[in-house]
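These notes are about the structure you will find just below.
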Amino acid sequence: MTNTVTPETARLLAAAGFPQPSPAPGQFWYAPSGSLLFVISFDSKSFVLAQIGHNSTFKVGLDDFEVWIFAPTATDILRELGHSSMFWDERKCGFSISTVDNINLIGWTIINNTNPAEAAALTWLSIHEKK
Numbered sequence: 022m023t024n025t026v027t028p029e030t031a032r033l034l035a036a037a038g039f040p041q042p043s044p045a046p047g048q049f050w051y052a053p054s055g056s057l058l059f060v061i062s063f064d065s066k067s068f069v070l071a072q073i074g075h076n077s078t079f080k081v082g083l084d085d086f087e088v089w090i091f092a093p094t095a096t097d098i099l100r101e102l103g104h105s106s107m108f109w110d111e112r113k114c115g116f117s118i119s120t121v122d123n124i125n126l127i128g129w130t131i132i133n134n135t136n137p138a139e140a141a142a143l144t145w146l147s148i149h150e151k152k
């Protein structure tokens, strides 16, 4: 699955202060076991989830999310980076990401990783570890 970061990177992001949003349909979350879960719907009392790689759904309450970690996509991370762009660098076989703050370039990262979410996460972590 390359739509989200790995469980390890999700933990690093959360520990470094990456926003952990309120659960909503369309999001991915990691359970403490490392299972990747997808939020399908919410019916005012519980969320319906699917475990990636399994052919079943189940319901959980909001309290369950207190121990789960948000698994952001590249889009989620780029939104938090602000003025950023990402492109595939064929020569490097990885993603390049530039991030600017007003007119100053604050980050330029070339990540030799084929997972765009991981590349964006490493950029976010490199910027926020400097602060």
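In terms of this note's numbering, the sequence shown opens at residue 22 and continues consecutively. For every residue, glycine included, the Cβ atom is placed at its ideal position computed from N, Cα and C.
Between residue i and residue j, how many whole angstroms is the CB-CB distance? I'm expecting something under 8 Å.
i	j	result
residue 80	residue 88	Actually they are not in contact, since the Cβ atoms of residue 80 and residue 88 sit about 17 Å apart, beyond 8 Å.
residue 25	residue 49	5 Å
residue 67	residue 82	5 Å
residue 58	residue 146	Not a contact, Cβ separation roughly 23 Å.
Does the beta-carbon of residue i have 16 or more other beta-carbons within 10 angstroms, so that it is buried, or is it exposed?
i	result
residue 110	exposed
residue 96	exposed
residue 105	buried
What residue from the options has the CA that sits closest to residue i's CA?
i	options	result
residue 45	136, 39, 64 and 121	64
residue 54	107, 85, 99 and 96	85
residue 108	135, 101 and 97	135
residue 148	73, 27 and 39	39
residue 35	75, 121, 76 and 93	93
With a CB to CB cut of under 8 Å and the five nearest residues on each side skipped, what residues in its chain are close to residue i?
i	result
residue 42	48 and 91
residue 150	37
Cutting at 7 Å between CB atoms, please list the residues of its own chain near residue i, excluding the five before and the five after it.
i	result
residue 61	46, 69, 70, 71 and 78
residue 28	51 and 55
Beta carbon of residue i: closer than 6 Å to some heavy atom of the ligand GTP?
i	result
residue 88	Absence of the ligand GTP from the depicted structure is noted, as is the absence of any ligand whatsoever, leaving it without description.
Give every residue of the same chain whose Cβ lies closer than 6 Å to the Cβ of residue i, excluding the five residues on either side of it in the sequence, and list them in chain order.
i	result
residue 56	72
residue 98	141, 142 and 145
Would you verify that the beta carbon of residue i is, or is not, closer than 7 Å to some beta carbon of chain D?
i	result
residue 89	Absent here is chain D; the protein component of the structure consists of one chain.
Three or more C-beta pairs closer than 8 Å, one from the region 104–119 and one from the region 139–148: is that the case here? yes
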